[in-house]
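Reviewing the structure listed below.
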């Protein structure tokens, strides 16, 4: 039905959508009846994958050098017997107690300079040679033992990597990093970090310390930015250390680690380069008051970013079938949200729906986290909804590996986020991510496939690039944006663009700095902050809109103003401009839209200009219902997602083939949240 | 008039209500005229007791081994001459500076692992052999010197014990505690603490650490629960060390320590067993907006709990005659509140009204705390109100030692509170205490004497037991509840019942777990959390109520649903059920009542069913006026308490004898808050 | 035109208003074109001063003992060539990295007892002999090199001194301080600190520790107060160490350090005594919602205080021409606010308008702080407004050195602020400063020149003294207030007056304590706290007002009640009294005015009684417009300040000479905030 050659599978030996879960049978070693029941329920839920080994180190190596793989052998046997695949995690996310006791260097030192006690997970030094050695050893053992099993689908390095360590080893590694970065020239570093401010000059590299909380944290943004880049690089180095035995022993098994969506503690773009495929853990707050649009929007945004890292399908490695246990209010997914969220993931490029966790633990801090099987163990609403997702995934299995093609890109850049966080001024909360998402909203509503990229990405394939608050712009980025527009692209920039360079030094000579000044052909003179309730009027033709939070006064040069401020002393000043340059156009938004209505109007105009159409143009959708698509050479697949508690009715222009019910239909009806997957021959 | 044999006196040598205060003459050693005036004012206020020695260590032992009891000798002489009794406190609540300087081990180590500097009070290591030795020594000296004085009414160990210590000595004691508790078997501990989660397995007991803030705090609830149990046990051990010389030298002097009401840092039930009688410090926030009912309710609740520990009268060891100094808003008691609060204490079983403090200190952090005598030193409104209480207590002295008989018990269990605090999930604030008190409200309003007990208490004497949110249920508790109902009792349970066992491991097989599943004959499938403003409708007959915070969906088996949800996807699901089993009935409330009106309706029904009557059934009371009772073989005593600022008029069915005015009256009139004590022959 | 002999110049060699800025050319050493442009722009803005050397240490002494003054030489040359004067800062506000690396003792130890890492500014130990030696050395080098340059206008010691250090050196210095203060008699200290409370008795001085956060902080107010006095004294000592070489080598160059307005971390009154003139940094939050009156009021209050320290003109050493970068919302000055705020400063006695900073740095945490020249570097609105101020200052230059004469004083006492902060009781937030300012408001609105003084100041020159919440009163203060009134003065005191003595020990025998009891002739019995929304009525004649936060019940003795409480149980009690005693009058306000209207009525009455007139009595001013004055022997200068965004029209009784426009006018018109300076011959 579909031509395989256009499809990109994560593991070509198993070209199917995964329906799986994190699985910790080591917690039930004394309960063989439960281990047996697990397999029955796995099949009952139409699941075909289990992720094992996450946090299993103490079970696998009970004492230093004493390995015992019996439970994992048994798990492989049982899952294989049930027809399932396994993703095997390396156990480095949580170290055994004996390891910390014998080698305290493996425990992190916090930003106050104190070494943590044993506890929590994800609390290992990024640098410790002992930790790296011990991790590599057990990874090698795992690869030797399980690398040849046909059921091994992929490797999963550690778990939700994050955080930093301020120990002497990390300090020394950071000093070496600085030497490399600044060409072993302390005066280059002094200039880059602008240490003439507050007498912060370094005499030599040995004086460099991490940004301790009672030291230079918050004082020297050059140091802070460098530290965060170092932490990402050190995390990459840690991952690559883990990959040495895996690459050597299992070169054909793809490797991932699970990201945490828009988490900005690490620069995922750099980490992605080391991985074979992307996976991530998705936990929207379904049902939160006021989140009817924002929650599915934010989830879609993160899905699209995960697909964009490698422009190919990814896995949704974790999600909850029901409820999380770590929010201040842990609301359960109301009926239908589970199917809607599962299909949403696939719509944006996920080739899996996976859960944390298969079976709830009896103890530990996640014992109340939702799971496919709860402490009751019998039939539940949650289990039924998981079965429904299992059935749906089986019916739509042919979408596995199909592609998503974006003509629009939105830039969301981690280093830019860091620079904005370092910015003392304007407003305490810069709202960078929310602002970026507010420009993504009109695209998401229309089902327009959008790449979410960082500022270093290639732009040549896009018609439209939206770069909100691109505060940090190095020359290469400015060049790329400039070339993109001159070659016919349309660019949307905003206030707070082109303020600093890659070292967080302000551009001189006017903002947006360097080449961007000519590209947008406006100079931003004053970027003003408004108090929370303050509003400034904006007029666009006959219509009046509101600015909030941030209002820039700009001086257009060649650009045309298409909207103006209408109140306060800003009155009459340009509020939104467009510059026609080369073959393209550069829009500049000088204010933050108070409610998104101006952005909607602007995007409607721009999408029409550049000729980008909704996924299914002839359908009227109520708020909270969206349609996104994937395709291959033969078919287009439409994923109709309803996030409305009250449901919806939608009339299609003509009948489409419903992959789940295997019937043709033009009238879609949702009684609650849910999803339908349609297919159309191209 | 009364038959003595039914009365239970705290100290039979002085069978009278106490009217007393904390007294610190060591602060006024240089002012003999003040010390003399104190005794005049004590008599003027009709006070008959002084509590001395609290925090006096540095005065009594000015250097190591150099004792000087002169001020205390003088104080005993003066108070005796004024006709007063003394309660003598051991001085362990605050150590002298020389002790901390010479033996740093006596200072606590905090949860970050750092040893505190000298300062504050209540900051001694619970384990330090030096501290225990030094405390025992001065206790012995005190017992030797004052044990034979007729005026010595009771011993008061330390003061408001609380807190924990993370020092190496405490760590080692905790390790020993774990060995005893888990039979020296690390695998038993590993199972109980579910250490297979996150690779937290212990190889041996030597690896155990306290729950450091940057260690296992919040990660391993088994550890945290064990630590809190250990802290209570170590506090008991500390108290018992203090009692050795007291028991030996003064076997007839009863011993107490002052509790802090519903404080949950310690398991008071266990501590109570070591004491001869209970005393506590009562500081309601009289006058707080919205507290018109809740504040007297909470005070009554704590009084009833203190009486229930030993089912006999207790002392209200501290209260303020006017104002505290440690709230964000320190509001003074408006006129009348002092009498109302004093009589409230007696109504619930206190045989004293005592104050912190007799005379305000000139300096120190409590210098602005209210006192009987303030810095002015002359007549004040406060002093007048204290005199009024003194007069009232003298008039009603015959109630001393009389009993309170409860047919209803409400379970408020400290270990259950801890388990709920450890619970990551549902809602951040579990509101356990407020929920328990919301079930106590209908009882308090009706003047129904209620025991407040923990989950280990004997239930056989009750007709009705209310056990809200009994999240932690071990087998013994479930057995006791089961037997109680089968033998004819009525039980009320709620959502979040029977979820974990005594180790905080979830019950498998359905909630409420184990025997409770059959007892209530419902299975709670989903326990959902609502956002703060969310409400779910509940219908009971024709009436509609509201659920807030927590809504469980339950599947009744043999139980009958008496209310149902009426909105959302919960619609039609049972919201409240009753199961008739054996000779009794088990009610199950599946939701949190948004405003208490459902609970009021439910309790009205249940009280009628079990035949429990208000203290004075034929009187109509306005909100904020309650009548509670004590009795002996001959008389019933009715304590009419008015907490309404605007006062109230009440008409009794027939005249009662007013013990204070010594007249018969059927028409009670309050112009402000206040209290009247009536007597009726049985 | 003016008679010079009545004028008091800061530096008589340059009897002109300064228009200047902090200037950091060391950040631009590699950009000679920028350094050159700076001078062009300085002249363009009519600026005549640059403050240099703040935080330049690492530039001047790149390694220990290796000095390099080339950039500073060059700066002096360039500024002189541009016709400017220089204020030279000593560099002690931020130490070089090599100094901290080699001598860790120079880094502060925080209140937890941990030594900070290198970072931030203002983080040196106050005691370290090494730091003092190194500072004195570089100060000497600066004085040697620049002391003879004619362009040197003044010395500026360090920068915004603040904070404390808990290191062993400071502890030892504190012990010595305690020995001196308490006559080497530990029993005197024990009494003063009331250490009989909580067994806090000291055996000897060696036991004294600073108030560590996990020690005696918040426990012993005697210790805390002593510590804060010590910190001020140690700061004075630090300053005086810096002044040794300056005094020796440049006896004619006046010395200052920049204060931070009403900052209460140090007792500025004591520091002022060591300085030749006062300067301060003024950063009102212009434009904050609700701040239309409060912000200019607070700025005026701080200006008047700075003038009052020495009863002579001061400098406004820092202000922003546009925006700060450290608020949660950094709002830019709307058009006109800059001129209004500049003229406001001069109106209250500033002989300068100076900015932080001249040119924005490219990096560092203040890179977004407003400056005369921004990163653009070309013409901006801000630069135009700076030019307008420059022009205005040049036109009104003759006001330099003129005086301000106050008949009213308001007491705002730092030690009293500390004592109130130490007060556990009443309300958490005592609102001392806001309360003091609420009494200043009626004076400010009327343009009545007011001295802001501490409790030790001489009162003999005033007709009216207002002393709100003078909680701490030693005998000398009480004597001074008593003599002031008996000699014919009018005093206004309030609730919370005369509660403690200079050691924070409560006065015995009634409040307000000691002599004040007779002076006010009322006894304050109960000082009650109200919850935030609570109000108590106050009747004054026919009018009804509202009390909030704090309500005292007082018993007048000889005093007459002029207002009474009208609600609650306070009803009928005196709320405001006046006592005629000797030749004067003592008013006592027993409550906090909820909205200022009672204070306005009271002050109207009192100002009429004492015969104090508005600056320009016959003019009606809209809210937000004020007129203040300075004068010399010949002229009165009226500074009309408009803080209304919407502007204002004002009609004067007759034409005045407008110094800026050089015309006579009686009709003033403001289209936005702004200022006009008028002159009238006496």
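Protein chains in written order, with the numbering used here: chain G, 3 to 684; chain S, 3 to 684; chain B, 3 to 684.
The C-beta atom is built at its ideal place from N, Cα and C for all residues, glycine as well.
I want to see whether chain S comes within less than 9 Å of residue i, judged by CB atoms only; does it?
i: residue 556 (chain B); result: no
i: residue 548 (chain G); result: no
i: residue 362 (chain G); result: yes
i: residue 2 (chain B); result: Residue 2 (chain B) lies beyond the range of chain B shown here (3 to 684); nothing can be said about it.
i: residue 684 (chain G); result: no
i: residue 201 (chain B); result: yes
Which residue marks the beginning of the beta strand (DSSP E) containing residue i, and which one marks its end?
i: residue 643 (chain S); result: 637-644
i: residue 547 (chain S); result: 545-558
Can you list, in chain order, the residues of its chain whose CB lies under 6 Å from that of residue i, leaving out five sequence neighbours each side?
i: residue 673 (chain B); result: 649
i: residue 577 (chain S); result: 540, 565, 566, 567, 592, 593
i: residue 298 (chain B); result: 645
State the start and end residues of the unbroken alpha helix (DSSP H) segment that holds residue i.
i: residue 172 (chain B); result: 170-183
i: residue 62 (chain B); result: 59-62
Give a yes or no on whether 9 Å exceeds the smallest Cβ distance from residue i to chain B.
i: residue 303 (chain S); result: no
i: residue 357 (chain S); result: no
i: residue 183 (chain G); result: no
i: residue 430 (chain G); result: yes
i: residue 136 (chain S); result: no
i: residue 4 (chain S); result: Because residue 4 (chain S) carries a pLDDT of 41, less than 50, the predicted location of this residue cannot be relied on, and the following value inherits that uncertainty. Answer no: the Cβ-Cβ gap between residue 4 (chain S) and chain B never drops below 9 Å.
Quick one: residues in its chain with C-beta nearer than 7 Å to the C-beta of residue i, no 5 flanking neighbours on either side, listed in chain order?
i: residue 2 (chain G); result: Look at the range of chain G in this structure, 3 to 684, and you will see that residue 2 (chain G) is not part of it.
i: residue 173 (chain B); result: 211, 212
Quick one: using the 10 Å Cβ neighbour count with 16 as the cut-off for buried, is residue i buried or exposed?
i: residue 32 (chain B); result: exposed
i: residue 186 (chain G); result: exposed
i: residue 574 (chain S); result: exposed
For residue i and chain G, any beta-carbon pair shorter than 9 Å?
i: residue 197 (chain S); result: yes
i: residue 626 (chain B); result: no
Unbroken stretches of the beta strand (DSSP E), 3 residues or longer, contained in the stretch 394-434 of chain S: 410-413
Alpha helix (DSSP H) runs wholly inside the stretch 201-262 of chain G, at least 4 long, in chain order: 223-251
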